[in-house]
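Chemist:
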Amino acid sequence: MESWQVRHYRGTLGETKGILAVERSTFRECPYRPRELRARLRLPQQQVLVAEAEGRIVGFVAGLHTHGLAGPRLEADLLAVEPGWQGQGLATALLTALRRVPGGAALLRGVVRVENEASERAFARAGFRPSPMTCDLLVYRIEGLVPRPLPAWGGEVARLAGLEEAEQLAALAPEALPPGEWLWAASQAPGLALLVARAGGAVAGAAELVEVHTLLYSGLWLESLVVRPGYRRAAAALAAAAVEEAKARRLDEVGCLVPGDDRFLREALMGEGFRRLDPYRIWTAP
Numbered sequence: 001m002e003s004w005q006v007r008h009y010r011g012t013l014g015e016t017k018g019i020l021a022v023e024r025s026t027f028r029e030c031p032y033r034p035r036e037l038r039a040r041l042r043l044p045q046q047q048v049l050v051a052e053a054e055g056r057i058v059g060f061v062a063g064l065h066t067h068g069l070a071g072p073r074l075e076a077d078l079l080a081v082e083p084g085w086q087g088q089g090l091a092t093a094l095l096t097a098l099r100r101v102p103g104g105a106a107l108l109r110g111v112v113r114v115e116n117e118a119s120e121r122a123f124a125r126a127g128f129r130p131s132p133m134t135c136d137l138l139v140y141r142i143e144g145l146v147p148r149p150l151p152a153w154g155g156e157v158a159r160l161a162g163l164e165e166a167e168q169l170a171a172l173a174p175e176a177l178p179p180g181e182w183l184w185a186a187s188q189a190p191g192l193a194l195l196v197a198r199a200g201g202a203v204a205g206a207a208e209l210v211e212v213h214t215l216l217y218s219g220l221w222l223e224s225l226v227v228r229p230g231y232r233r234a235a236a237a238l239a240a241a242a243v244e245e246a247k248a249r250r251l252d253e254v255g256c257l258v259p260g261d262d263r264f265l266r267e268a269l270m271g272e273g274f275r276r277l278d279p280y281r282i283w284t285a286p
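1 is the number of the first residue of the sequence shown in my numbering; add one for each residue after it.
1) Taking C-alpha atoms, which residue in Glu82, Ala51 and Ser131 lies nearest to threonine 96?
2) Buried or exposed for aspartate 252, going by 16 or more other Cβ atoms inside 10 Å?
3) Report yes or no: do the stretch 132 to 144 and the stretch 249 to 265 share at least 3 C-beta pairs separated by less than 8 Å?
4) Could you work out which residue in Ala246, Gly230, Arg99 and Pro44 is closest to leucine 220 when comparing CA atoms only?
5) Output the boundary residues of the alpha helix (DSSP H) element that contains proline 34.
6) Go through its chain and collect everything with a Cβ distance to alanine 62's Cβ below 6 Å, but skip five positions before and after it.
7) Give the single residue among Gly55, Leu195 and Leu64 whose Cα lies nearest to the Cα of arginine 40.
8) Taking the Cβ atom as the reference point for each residue, do leucine 172 and valine 226 lie within a distance shorter than 8 Å?
9) Indicate the three-state DSSP secondary structure (helix, strand or coil) for glutamate 82 in the structure shown.
10) Considering only residues of the same chain and omitting the five flanking positions on each side of tryptophan 4, which have a CB-CB separation below 7 Å?
11) What residue range does the alpha helix (DSSP H) around glutamine 168 cover?
12) Do alanine 124 and leucine 195 have their C-beta atoms closer together than 8 Å?
13) Since tyrosine 280 sits in a beta bridge, which residues does DSSP pair it with?
14) Nearest to glycine 191 by alpha carbon, out of Val212, Leu163, Gly180 and Pro178?
15) Extract the residue ranges of the alpha helix (DSSP H) inside the stretch 217 to 276, only unbroken runs of 4 or more that lie entirely within it.
16) Would you mind reading off the limits of the alpha helix (DSSP H) that contains threonine 66?
17) Please classify glutamate 175: does DSSP put it in a helix, a strand, or coil?
18) Are the Cβ atoms of arginine 35 and leucine 13 separated by less than 8 Å?
19) Is the separation between the beta-carbon of alanine 204 and that of alanine 234 shorter than 8 Å?
20) For alanine 236 versus proline 151, is the C-beta distance shorter than 8 Å?
21) Nearest by alpha-carbon distance to alanine 248: which of Phe60, Pro147 and Met133 is it?
22) Just tell me which of Cys30, Val6 and Arg7 has its CA closest to the CA of lysine 17.
23) Where do the N-terminal and C-terminal ends of the beta strand (DSSP E) with alanine 189 fall, by residue?
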């Protein structure tokens, strides 16, 4: 019989302090005080499970409900186990329990740094499968709220305007985007924004942004970016517009997972001030 149990976070200040203690014994990146963190963990987007042993919290997984163009998803956003309890199956148990959480998500996703072999083993044992290709994490940290002009490219960037424009966008990249009716409906969902690059009355590209509030930051995830052939500068304008959107919402950062072979997107983001961090692999489970 295991000497620990996995259960749902109950929202108490004591539990929150326990989660914070585990985070500080592992990542040491959480900028929030206990009461601030508790308010954050009580948000509807959050799905937190804890591992308890000897009357205290020794591990946790912070799940995050998101809704993008691919539909609802449950993110295994942050997984941590106190050093003294690592290697005993807690991480696998936490991820397995997260997979059993009801809520309508069609897919679970976790992102693991390539060198983190312990986390990769835990995800594999919990039934997640790795992506064949690694991704680079690119991040833009917001250091000031003063707006800056978008790079000139011959057009403008604004929110998706309506169904007709959504249908134009869907036709731009039918292999990557859902039909126009779905695009327009999805763009009305809380936390999702579709920025559209327009030139000469036609859609030249778009960026999909999902707002998140994690244990470590509040930000926008740049989930997808597409541009029409011949409008490469529109990608830079969309990346810059994503940063301005984050500023307007007073968020901390914008992040994007760029597939290892997508040199175009990587260069567009880095040209607008995004920093390239570590390589990661995406793990998914139904």
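Glycine is no exception: its CB is placed at the ideal position from the N, C-alpha and C atoms.
The structure presented is a predicted model; accordingly, all values stated were derived computationally and were not measured.
Modeler: Inspection of the coordinates gives the following:
1) Ala51
2) buried
3) Under the 8 Å Cβ criterion, the stretch 132 to 144 counts as touching the stretch 249 to 265, having at least three qualifying pairs.
4) Ala246
5) Going by DSSP, proline 34 is part of the alpha helix (DSSP H) stretching over 34 to 41.
6) Val48, Asp77, Leu78 and Leu215
7) Nearest of Gly55, Leu195 and Leu64 to arginine 40, Cα basis: Leu64.
8) In this structure, leucine 172 sits near valine 226, with a CB-CB distance shorter than 8 Å.
9) Coil.
10) Ala51, Glu52, Ala53, Val58 and Leu90
11) 163 to 172
12) The Cβ atoms of alanine 124 and leucine 195 lie no closer than 8 Å to each other.
13) Arg113 and Cys135
14) For glycine 191, the nearest C-alpha among the options comes from Val212.
15) 232 to 248 and 263 to 271
16) No alpha helix (DSSP H) contains threonine 66, which is instead part of the beta strand (DSSP E) from 56 to 68.
17) DSSP places glutamate 175 outside both helix and strand once states are collapsed to three, so it counts as coil.
18) yes
19) yes
20) Yes. Within cutoff.
21) Pro147
22) The residue with the shortest Cα to Cα distance from lysine 17 is Cys30.
23) Note, alanine 189: premise wrong, no beta strand (DSSP E); not H, not E.
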